[in-house]
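Novice:
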Amino acid sequence: MNGATVACARCGRSGAPALAKAPVPGPLGVEIRARVCSECWAEWRSVEVMAINELRLNFMDPSAQDILAAEMRRFLGLDGAPGTEPEKNPDPR
Numbered sequence: 033m034n035g036a037t038v039a040c041a042r043c044g045r046s047g048a049p050a051l052a053k054a055p056v057p058g059p060l061g062v063e064i065r066a067r068v069c070s071e072c073w074a075e076w077r078s079v080e081v082m083a084i085n086e087l088r089l090n091f092m093d094p095s096a097q098d099i100l101a102a103e104m105r106r107f108l109g110l111d112g113a114p115g116t117e118p119e120k121n122p123d124p125r
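Numbering (our numbering), first residue to last: 33 to 125.
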């Protein structure tokens with residue numbers, strides 16, 4: 033543990049232990065490190081295999097990584113997950 037903390041997007045805890053380093057390469061890894069606590073990341077790692085199996089992802093297909101990334105973003109509560117739209121307010125009329 034590195035002593036750093038985050039306000040976790042998934043569990044909502046402020047001051048939750050942060051990841052020591054970005055868990056995946058690139059901007060997504062930076063976002064996860066900044067917005068997800070280490071406990072929620074560990075929970076995703078245990079759910080990840082189930083998601084791969086349930087969705088029958090074949091990583092020989094280039095789109096499989098995009099599908100898994102979208103599932104990860106949804107699970108972790110990160111905004112802008114591909115394939116999702118923000119909730120719209122109903123028309124107040």
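We put the beta carbon where it would ideally sit given N, CA and C, even for glycine.
Since A101 and L60 should fall inside the 8 Å C-beta cutoff, what is the C-beta to C-beta distance between them, to a whole number of angstroms?
Specialist: As a working mapping, residue 101 is identified with position 69 in the sequence shown. As a working mapping, residue 60 is identified with position 28 in the sequence shown. Rounded, the Cβ-Cβ distance is 7 Å, consistent with contact.
Novice: In whole angstroms, give me the CA-to-CA distance for D2 and G44.
Specialist: This structure cannot settle anything about residue 2, because the visible part of the chain is limited to 33 through 125.
Novice: Looking at C-alpha atoms only, which residue of P57, V68, I64 and V62 is the closest neighbour of G47?
Specialist: Along the sequence shown, one-based indexing puts residue 47 at 15. That would be V68, whose Cα lies nearest to the Cα of G47.
Novice: Can you name the residues that DSSP bridges to P49?
Specialist: Numbered from its first residue, the sequence shown carries residue 49 at position 17. P49 is bridged to T37.
Novice: Grouping DSSP H, G and I as helix and E and B as strand, with all else coil, what is C72?
Specialist: Start at 1 with the first residue of the sequence shown, and residue 72 comes out as number 40. Here C72 sits in helix by DSSP.
Novice: Output needed for A96: all residues of its chain with C-beta closer than 7 Å, excluding positions within five of it in sequence on either side, in chain order.
Specialist: Working through the sequence shown from its first residue, we reach residue 96 at position 64. Result list for A96: L89 and N90, in chain order.
Novice: Is it the case that the Cβ atoms of R42 and P55 are separated by a distance below 9 Å?
Specialist: Sequence index remark: in the sequence shown, residue 42 carries index 10 (1-based). Sequence index remark: in the sequence shown, residue 55 carries index 23 (1-based). The answer is no: Cβ separation not under 9 Å.
Novice: For T116, which residues in the same chain have their Cβ closer than 7 Å to its Cβ, ignoring the five residues on either side in sequence?
Specialist: As a working note, residue 116 is residue 84 in the sequence shown. Caution applies to T116, whose pLDDT of 38 falls short of 50 and renders its modelled position unreliable; the value that the coordinates give is listed next. Contacts found: R106.
Novice: Is G61 helix, strand or coil by DSSP?
Specialist: Within the sequence shown, the letter at position 29 stands for residue 61. G61 falls in the helix class under three-state DSSP.
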